[in-house]
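Undergrad: Just so you know, we're using our numbering here: the sequence shown kicks off at 9 and counts up by one.
Note that beta-carbon positions come from the ideal geometry of N, C-alpha and C, so glycine has one too.
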Amino acid sequence: MAGLAAGALSMAAGEYVSVSSQADTEAADITREKAEIAADPTEEERALAGIYERRGVPPALAAQVAAALHANDALGAHVRDELGISKHTEAKPLIAAGASALTFAIGAALPLATAALVPEAAITLWVTILSLIFLAMLGAVGAKAGGASILRGVLRVTFWGAVAMAVTALVGKLFGAVV
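(1) Please look up how many angstroms separate the CB atoms of alanine 104 and valine 25, rounded, as I've assumed it's under 8 Å.
(2) In terms of alpha-carbon separation, which member of Leu17, Ala174, Ala85 and Ala20 lies closest to leucine 133?
(3) Assign proline 49 to one of three DSSP states: helix, strand, or coil.
(4) Evaluate contact between the segment 13-22 and the segment 109-125, counting only Cβ atoms and requiring at least three cross-stretch pairs below 8 Å.
(5) Straight-line CA distance for alanine 74 to glutamate 44?
(6) Hey, out of Val135, His78, Gly147 and Lys42, whose CA is closest to tryptophan 246's CA?
(7) Compute the beta-carbon to beta-carbon distance between alanine 31 and proline 127, rounded to the nearest angstrom, for a pair I have assumed lies under 8 Å.
(8) Taking Cβ to Cβ, would you say alanine 82 is nearer than 8 Å to glutamate 52?
(9) Tell me whether leucine 183 is buried or exposed, calling it buried when 16 or more other Cβ atoms sit within 10 Å of its Cβ.
(10) Please report the distance separating the alpha-carbon of alanine 68 from that of glutamate 41.
(11) Using the three-state DSSP reduction, which class does serine 157 fall into: helix, strand or coil?
Below you can see the structure in the form of structure tokens.
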């Protein structure tokens, strides 16, 4: 149980730090964009029109759209279309940390339950086999939820889970610990 808690907290902390750094970068980008708009709004409007042209909008219409957006909410248009940040994509550190901790806890609970239910002499074998099966199942669920290839998700999660288990077992063996 301590390993489950430590792992979940470690994953949450790592995710929080990572996503917080992303949020800081986004905030700095927005601040920089705001300063650029204030310093040279005409050039920024032209840059926005260029973005639309590269997306296939005819130049005259791109200029008209950029002018209309600049008149209404220049910063919002640049944040969305130049920086690619929206309410749906902005970094949310606490949500990411919670999801990471929960995912780890669910993933760790399955082998932990196996270890609690099988005879002590067979723990290593059963935990290894069932962990690989659980990893495959979780890979399938994740791929299905994300609309990705289920086979690719199963293979990726199972492979990297097996690598993690093998490295953990090797390190444990090197230090004389039972893993």
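TA: So, from the listed chains and residues:
(1) As a position in the sequence shown, residue 104 is number 96, starting the count at 1. As a position in the sequence shown, residue 25 is number 17, starting the count at 1. With 8 Å as the limit, alanine 104 and valine 25 do not qualify as a contact, their Cβ atoms being about 10 Å apart.
(2) The residue labelled residue 133 in the question sits at position 125 within the sequence shown. If we check each option's Cα against that of leucine 133, Ala174 comes out closest.
(3) Locating residue 49 in the sequence shown gives position 41, where the first residue counts as 1. In the structure shown, proline 49 adopts helical secondary structure according to DSSP, grouped into three states.
(4) Contact between the segment 13-22 and the segment 109-125 is present, with at least three C-beta pairs closer than 8 Å.
(5) For the purposes of this step, residue 74 is taken as the residue at position 66 of the sequence shown. For the purposes of this step, residue 44 is taken as the residue at position 36 of the sequence shown. As the crow flies, the alpha-carbon of alanine 74 is around 16 Å from that of glutamate 44.
(6) This structure leaves residue 246 out entirely; the chain is present only between 9 and 187.
(7) Taking the first residue of the sequence shown as 1, we reach residue 31 at position 23. Taking the first residue of the sequence shown as 1, we reach residue 127 at position 119. Taking a contact as a CB-CB distance under 8 Å, the pair alanine 31 and proline 127 does not count as one, their CB atoms being some 48 Å apart.
(8) To locate residue 82, count along the sequence shown from 1; it is residue 74. To locate residue 52, count along the sequence shown from 1; it is residue 44. Cβ atoms of alanine 82 and glutamate 52: closer than 8 Å.
(9) For the purposes of this step, residue 183 is identified with residue 175 of the sequence shown, where counting begins at 1. Residue identity differs from the one stated: residue 183 is phenylalanine in this sequence, not leucine. Answer is exposed; the Cβ neighbour count stays below 16.
(10) Mapped onto the sequence shown, residue 68 falls at position 60. Mapped onto the sequence shown, residue 41 falls at position 33. Rounded to the nearest angstrom, the two C-alpha atoms are 24 Å apart.
(11) As a first step, residue 157 must be located in the sequence shown, where it is residue number 149. Coil, per DSSP.
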